[in-house]
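One structure below.
Numbering (this note's numbering), first residue to last: 5 to 348.
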């Protein structure tokens, strides 16, 4: 008597009532072999998109959970990826959204995520993970250099300006978005925009500074640039803005690069007798809730941190599974949100 294979989507109970479902149960439910089911769940092998979806759906329906400990002993795979942030960035709104994006995408691929910070990872040794995601890594960060030298696959959000080459990169065209922002300020009446940048030497920070300098040169105006320390507090940022207004009273626009800086300096601009949205325009290179709720609301570039995190995790998973070659670079579009602080 021949036993028929079930069609994908049919209900298949565990082989032993009262016990957790096994990979064999998932394979039967999806009408595939155990090897194909295992490859689909782990993202390995040559499995077609429809077959992979059928296996994932069967696993979800049955409540299948792989025995990660046993599989790790057999394959030296941990089913865990690590995400690194410098300590001073862990409370930033961008960073938290980025973390959620990584976690959601990794969970969809059956991977755990562990968060590394500069204050909790030893300088020596290799993290027990399958791969790493680094957010806008700065070459002067010793932890970044350490992680880049572990030999693990590394995907970076934005390019890495150091000597090592990441395994994959997800980047945005910050030169184009910064140019669009400066052009908008000019269309709104600004003729002398100043930039408050970060002292960080990450690719994102340096690109903003280069673009501002190039834009000013193209329009024949002086470059007005001030830098804030990495991880500067609101008090420090207000001091930078205060000195800027005192030394450059002719500026008519301020662009703030650090996350949250534009909202932090807003009271200082008012204290100097300037009217934001009137005789002084204000914009941010990072959008966040503080930009949307400020009075007036602050024009900002939406870097889409949650999507960036998800795309970094997606690329890392594809590289780990062999579906995407090392050296892949992908681009994530960003958007400028125009608000009252820059309208003419």
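Don't be surprised by glycine CBs; every beta carbon is placed ideally from N, CA and C.
Everything numeric in this text was worked out from a predicted model, so none of it was measured.
Residue span of the alpha helix (DSSP H) that contains residue i, given as start and end
{"i": "residue 294", "result": "293-297"}
{"i": "residue 99", "result": "97-112"}
{"i": "residue 324", "result": "309-325"}
{"i": "residue 209", "result": "207-222"}
{"i": "residue 190", "result": "178-191"}
{"i": "residue 135", "result": "Taken as a continuous stretch (DSSP letters only), residue 135 belongs to no alpha helix (DSSP H), being part of the beta strand (DSSP E) at 135-139."}
{"i": "residue 151", "result": "146-152"}
Neighbour-count burial assignment, residue i, 16 or more Cβ in a 10 Å radius
{"i": "residue 119", "result": "exposed"}
{"i": "residue 330", "result": "exposed"}
{"i": "residue 223", "result": "exposed"}
{"i": "residue 91", "result": "exposed"}
{"i": "residue 239", "result": "exposed"}
{"i": "residue 251", "result": "exposed"}
{"i": "residue 54", "result": "exposed"}
{"i": "residue 106", "result": "buried"}
{"i": "residue 135", "result": "buried"}
{"i": "residue 191", "result": "exposed"}
Under 8 Å between C-beta atoms of residue i and residue j
{"i": "residue 188", "j": "residue 211", "result": "no"}
{"i": "residue 262", "j": "residue 232", "result": "yes"}
{"i": "residue 45", "j": "residue 88", "result": "no"}
{"i": "residue 287", "j": "residue 185", "result": "yes"}
{"i": "residue 248", "j": "residue 346", "result": "no"}
{"i": "residue 122", "j": "residue 147", "result": "yes"}
{"i": "residue 209", "j": "residue 336", "result": "no"}
{"i": "residue 267", "j": "residue 234", "result": "no"}
{"i": "residue 83", "j": "residue 115", "result": "yes"}
{"i": "residue 280", "j": "residue 305", "result": "no"}
CA nearest to the CA of residue i, picked from the options
{"i": "residue 157", "options": "302, 308, 244, 170", "result": "170"}
{"i": "residue 275", "options": "112, 116, 245", "result": "245"}
{"i": "residue 130", "options": "143, 114, 85, 339", "result": "85"}
{"i": "residue 308", "options": "174, 322, 235, 300", "result": "174"}
{"i": "residue 59", "options": "250, 66, 41", "result": "41"}
{"i": "residue 265", "options": "256, 298, 316, 282", "result": "298"}
{"i": "residue 310", "options": "104, 145, 343", "result": "104"}
{"i": "residue 257", "options": "302, 37, 241", "result": "302"}
{"i": "residue 259", "options": "65, 43, 217, 328", "result": "217"}
{"i": "residue 64", "options": "55, 30, 54", "result": "30"}
{"i": "residue 253", "options": "219, 209, 305, 195", "result": "195"}
{"i": "residue 98", "options": "291, 336, 66, 314", "result": "291"}
{"i": "residue 202", "options": "214, 192, 317, 193", "result": "214"}
{"i": "residue 206", "options": "115, 144, 341", "result": "144"}
{"i": "residue 269", "options": "241, 334, 277, 43", "result": "241"}
{"i": "residue 351", "options": "56, 289, 293, 300", "result": "As displayed, the chain neither begins before 5 nor continues past 348, which places residue 351 out of reach and without an answer."}
{"i": "residue 255", "options": "237, 230, 243", "result": "230"}
{"i": "residue 315", "options": "23, 172, 35", "result": "172"}
{"i": "residue 25", "options": "35, 56, 62", "result": "62"}
Extent of the continuous beta strand (DSSP E) run through residue i
{"i": "residue 118", "result": "116-121"}
{"i": "residue 85", "result": "84-89"}
{"i": "residue 173", "result": "172-175"}
{"i": "residue 169", "result": "No beta strand (DSSP E) holds residue 169; DSSP gives it neither H nor E."}
{"i": "residue 197", "result": "197-202"}
{"i": "residue 340", "result": "339-341"}
{"i": "residue 130", "result": "First-last for residue 130: undefined, no H or E at that position."}
{"i": "residue 304", "result": "303-306"}
{"i": "residue 332", "result": "332-335"}
{"i": "residue 161", "result": "158-161"}
Taking the runs of the alpha helix (DSSP H) that are 4 residues or longer, which of them lie wholly in the stretch 210-289? The qualifying runs are 238-251, 265-275.
Which residue spans inside the stretch 19-68 form an unbroken alpha helix (DSSP H) run of at least 4? Qualifying alpha helix (DSSP H) stretches, in chain order: 27-34, 38-46, 53-66.
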